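**Student:** Going by our numbering, the first residue of the sequence shown is number 4, and it counts up by one from there. All residues carry an ideal CB built from backbone N, CA and C; glycine is no exception. Keep in mind the model is a prediction, meaning the values are calculated, not measured. The structure that follows is given in the form of structure tokens.
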Amino acid sequence: MGMSTVKLLANKLDVGIEINTKDLSFYYCIACAAGKAKRMSYARIPVRKSKPLETLMMDICSMSEPTIDGATMFLFDIDESTRYKRTYLLKKKSDAESHVKVLLNRLARLFPGKTVLRLRSDQGGEFSSNALSEFCDTLGIEQKFTNAYSPPRKRHC
């Protein structure tokens, strides 16, 4: 029985039926309470990692219009410390794995004194594949995945 039904019942009581209208005024509608419920906010973490390349955040975004080459999405990469951003055009999601491997190898070659310690991304299949997990294990990179349906935990990606 919804809230509108309770109000209608309270307004149109039949003669001879004794219903206490006070009981109807304290009616608790579970569906109304669930509809008005709000998700708890996440605490803001203003402190950045102190070393560049310590944590890389990645996500895949889609575009409404394809590029000249036919790419319909891109891999977005942010260094958590410096906020340096890189993008790689993708024709399909499965291309992301090879781009991540190339990026990690290139960063290891360009900056020999600095190593990537963490790779933070969502739980998409392109980031949680066995091949990428084994590749990260060989380089000593820890993969961290955000919770599903929680964009604030992704921070900037």
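Just checking my contact of Leu107 with Thr90 at CB under 8 Å: how many whole Å lie between their CB atoms?
**Tutor:** Within the sequence shown, numbered from 1, the residue matching residue 107 stands at position 104. Within the sequence shown, numbered from 1, the residue matching residue 90 stands at position 87. Not quite, the Cβ-Cβ distance comes to about 16 Å (not below 8 Å), so this is no contact.
**Student:** Assign Phe138 to one of three DSSP states: helix, strand, or coil.
**Tutor:** Position 135 of the sequence shown, counting from 1, holds the residue named residue 138. Here Phe138 sits in helix by DSSP.
**Student:** Within 8 Å, do at least three Cβ pairs link the region 53-65 to the region 108-121?
**Tutor:** The region 108-121 is in contact with the region 53-65.
**Student:** From Ile63 to Lys104, what does the alpha carbon distance come to, in whole angstroms?
**Tutor:** Stepping through the sequence shown from its first residue, residue 63 is reached at position 60. Stepping through the sequence shown from its first residue, residue 104 is reached at position 101. Between Ile63 and Lys104, the C-alpha separation is close to 15 Å.
**Student:** Please state whether DSSP places Cys35 in a helix, a strand or coil.
**Tutor:** Sequence index remark: in the sequence shown, residue 35 carries index 32 (1-based). Here Cys35 sits in helix by DSSP.
**Student:** Looking at C-beta atoms only, is the number of pairs between the region 66-85 and the region 136-154 that lie closer than 8 Å three or more?
**Tutor:** The answer is no - the region 136-154 does not touch the region 66-85, with fewer than three Cβ pairs under 8 Å.
**Student:** Using the beta-carbon count (16 or more within 10 Å), is Ala99 buried or exposed?
**Tutor:** For this step, residue 99 is matched to residue 96 along the sequence shown. Flag for Ala99 reads buried.
**Student:** From what residue to what residue does the beta strand (DSSP E) around Lys41 run?
**Tutor:** Position 38 of the sequence shown holds residue 41. It is not in any beta strand (DSSP E) - Lys41 carries neither H nor E in the DSSP assignment.
**Student:** What is the DSSP secondary structure of Asp62, counted as helix, strand or coil?
**Tutor:** Numbered from 1 along the sequence shown, position 59 holds the residue referred to as residue 62. Note: Asp62 maps to strand in three-state DSSP.
**Student:** Which residue wins for smallest C-alpha separation from Thr149, given the options Lys41, Met76, Phe138, Asp125?
**Tutor:** To locate residue 149, count along the sequence shown from 1; it is residue 146. The option with the nearest alpha carbon to Thr149 is Asp125.
**Student:** In chain order, which beta strand (DSSP E) runs of at least 3 residues are fully inside the region 101-148?
**Tutor:** Fully enclosed beta strand (DSSP E) runs of 3 or longer: 121-124, 145-148.
**Student:** Measure the C-alpha to C-alpha separation of Ser131 and Leu93 and round it to an integer number of angstroms.
**Tutor:** As a first step, residue 131 is located in the sequence shown; it is residue number 128 there, counting from the start. As a first step, residue 93 is located in the sequence shown; it is residue number 90 there, counting from the start. If you take the alpha carbons of Ser131 and Leu93, they lie about 17 Å apart.
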